[in-house]
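For reference, the structure discussed in these notes is given below.
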Amino acid sequence: MVRYLQLAYIGLQIYALEVKNKVNLGWHNEIKMKKKPIYVTQPYLPDLNLFYPYLEAIWKSKNITNGGVFHQKLEASLCEYLGVQHVSLFCNGTIALMVALQALGISGEVITSPYSFVATTNSLLWNGITPVFCDIDPISMNIDPFKIEKAVTNKTSAILPVHCYGTPCNVEEIQKIAENHGLKVIYDAAHAFGVEFKGQSLLNYGDLSVLSFHATKVFNTFEGGAIISHSLEMKKRIDQLKNFGFVDELTVVESGINGKMSEVNAAFGLLQLKSMQEVASQRKMVSDFYNFNLEGINGIELPAGNYSSASNHSYYPIIVKSLFPVGRDKLYELLQEQSIFSRRYFHPLISDFPMYKNLSSSTPKNLPVAKQISDQVLCLPIYPGLENKDLQRIIDVIKKASLL
Ligand SMILES: Cc1ncc(COP(=O)(O)O)c(C=O)c1O
Numbered sequence: 050m051v052r053y054l055q056l057a058y059i060g061l062q063i064y065a066l067e068v069k070n071k072v073n074l075g076w077h078n079e080i081k082m083k084k085k086p087i088y089v090t091q092p093y094l095p096d097l098n099l100f101y102p103y104l105e106a107i108w109k110s111k112n113i114t115n116g117g118v119f120h121q122k123l124e125a126s127l128c129e130y131l132g133v134q135h136v137s138l139f140c141n142g143t144i145a146l147m148v149a150l151q152a153l154g155i156s157g158e159v160i161t162s163p164y165s166f167v168a169t170t171n172s173l174l175w176n177g178i179t180p181v182f183c184d185i186d187p188i189s190m191n192i193d194p195f196k197i198e199k200a201v202t203n204k205t206s207a208i209l210p211v212h213c214y215g216t217p218c219n220v221e222e223i224q225k226i227a228e229n230h231g232l233k234v235i236y237d238a239a240h241a242f243g244v245e246f247k248g249q250s251l252l253n254y255g256d257l258s259v260l261s262f263h264a265t266k267v268f269n270t271f272e273g274g275a276i277i278s279h280s281l282e283m284k285k286r287i288d289q290l291k292n293f294g295f296v297d298e299l300t301v302v303e304s305g306i307n308g309k310m311s312e313v314n315a316a317f318g319l320l321q322l323k324s325m326q327e328v329a330s331q332r333k334m335v336s337d338f339y340n341f342n343l344e345g346i347n348g349i350e351l352p353a354g355n356y357s358s359a360s361n362h363s364y365y366p367i368i369v370k371s372l373f374p375v376g377r378d379k380l381y382e383l384l385q386e387q388s389i390f391s392r393r394y395f396h397p398l399i400s401d402f403p404m405y406k407n408l409s410s411s412t413p414k415n416l417p418v419a420k421q422i423s424d425q426v427l428c429l430p431i432y433p434g435l436e437n438k439d440l441q442r443i444i445d446v447i448k449k450a451s452l453l
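Number 95 in my numbering belongs to position 46 of the sequence shown; there are no gaps in the numbering.
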């Protein structure tokens, strides 16, 4: 009887473990994991032992937020690492975008790209600003500067372009248009950590640039973000806005928000910075592997930006052209059947989401290039530590599909 109960107990434990695993797999739980799963990205995490001394220092000081020592050190280190004048750290990139718009007093209409993560445009709506979508360039997949002017009205106050996948926008042309029409330029540079353009940081272009340090990004602080500004006066204004609008202990001068980064996140960022060279070279190796093995497959277009020496290899977007024997969604499924989780970034277009789809600039007629790319793009897994044997599994699926 005891033996019988023991067996029943073990059976229950196995069942509980299976249920737990299913829950942990989230939206992949319907897919039977036959092989080791390969996700589109994985955060870079240094050896945990290296993080303990930082935590011990935080515990000892009892200073866990509000611009502590690690926060100050990370701002200074990022200025040096990125080659920029001023960094204001944030709890995430979305709040940083919202504050950047406030800091420049943007209102009315803002011209932006529909081909991005939804946070880009949501930051406008949270500020009561009307987004005006402009089509993208087919090569860079960034806002097409030659279509911006057509979208300018007497209500336009700024342009919010995105350096999508870390590929630089046509910053010089955008600057000219902004000057001609008296517009501000805020770059959503969430993907562009460490990217250079013409020998200097890409983040030095525009009035402000906004970074994301989310777990999926090239440089992460678990969650986090930053605004890059070019004058001390602007940095002070941004820092005030992210701290409720306080200027001193008793004085609040405007309706700011809480956008502060904690000491734990800042300390982690300092540790992460030490590995950035290694991270960059491992990402490049993955990118090179794809470039070498996918080159010449009929109907698969490789990312133009990833050949550039200045790329940060944050994403590996391929375009599945109509020439390829199966469509993008079928290829996505074929990969998924082999436990390979690519992502359709950026599909759907932001302009197709319910809160934006009724805007006149959201009409597909206005966004033909963005629509086509959004229907054909597939981001393949890329992260430091992705092994060649796993990459080969991805290549094999694509090559097999090319023969269907
Ligand atoms: C282009 C873009 N903008 C903004 C964000 C928002 O950043 P966060 O997740 O740090 O709020 C992200 C990603 O997360 C993004 O990819």
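Don't be surprised by glycine CBs; every beta carbon is placed ideally from N, CA and C.
Assigned with DSSP and collapsed to three states, C183 falls in coil, not helix or strand. The residue from G376, V148, D424 and A419 with its alpha-carbon nearest to that of S451 is G376. Secondary structure at Q249: strand, using DSSP grouped into helix, strand and coil. Per DSSP, G348 is not a residue of any alpha helix (DSSP H), being assigned neither H nor E.
Separation of V244 and G274 (C-alpha to C-alpha, rounded to the nearest whole angstrom) is 16 Å. Rounded to whole angstroms, S423 and K196 show a C-alpha spacing of 18 Å. Going by DSSP, E198 is part of no alpha helix (DSSP H) at all; its letter is neither H nor E.
For F166, the shortest C-beta to heavy atom distance toward ligand 1 is below 7 Å.
In the three-state reduction of the DSSP assignment, G215 falls in the helix class, which pools H, G and I. Of the candidates I443, H120 and N361, N361 places its Cα closest to the Cα of F246. Judged by the Cβ position, L146 qualifies as a neighbour of ligand 1 at the 7 Å threshold, a heavy atom of the ligand being closer than this.
Straight through space, the alpha carbons of V181 and N415 are spaced by roughly 11 Å. One Cα belongs to G231, the other to L174, and the distance between them is close to 22 Å.
A direct Cα-Cα distance of roughly 12 Å separates L440 from L384. Linking L99 to A315 through their CA atoms gives a straight-line distance of about 14 Å. Annotation for S261 indicates a beta carbon within 7 Å of some heavy atom of ligand 1.
Bridge partners of V148 according to DSSP: none are assigned. Rounded to whole angstroms, G215 and V136 show a C-alpha spacing of 19 Å. Taking 8 Å as the cut-off, the beta carbon of I144 is found closer than this to the beta carbon of G308. DSSP lists no beta-bridge partner residue for Y101. T205 is bridged by DSSP to E158. Residues G132 of the same chain have their beta carbon placed closer than 7 Å to that of Q249, with the five preceding and five following residues left out of the count. Distances taken from the Cβ of T216 to the heavy atoms of ligand 1 include none shorter than 7 Å.
Sorting Y405, I399 and D378 by C-alpha distance to the C-alpha of R393 places D378 at the top.
E344 sits away from I368, with the two beta carbons spaced by 8 Å or more.
The Cβ atoms of K84 and S388 sit closer than 8 Å to each other. Of the candidates I188, L251, V418 and I444, I444 places its Cα closest to the Cα of L429.
If you check the CB distance, V259 and I226 do not come in under 8 Å. Here the C-alpha atom of C183 lies approximately 21 Å from the C-alpha atom of A149.
Bounds of the alpha helix (DSSP H) holding C128 are V118 to L131. Between S280 and I287, the gap from beta carbon to beta carbon reaches 8 Å or more. Contact between Q91 and Y381 is absent: CB atoms are separated by about 19 Å, not below the 8 Å threshold.
Per DSSP, reduced to three states, the secondary structure at L138 is strand. Nearest in C-alpha terms to N269, of all of F139, S304 and Y164, is F139. The distance from the Cβ of V89 to that of S162 is about 21 Å, inconsistent with a contact at the 8 Å cut-off. Sorting N292, K420 and Y364 by C-alpha distance to the C-alpha of T114 places N292 at the top.
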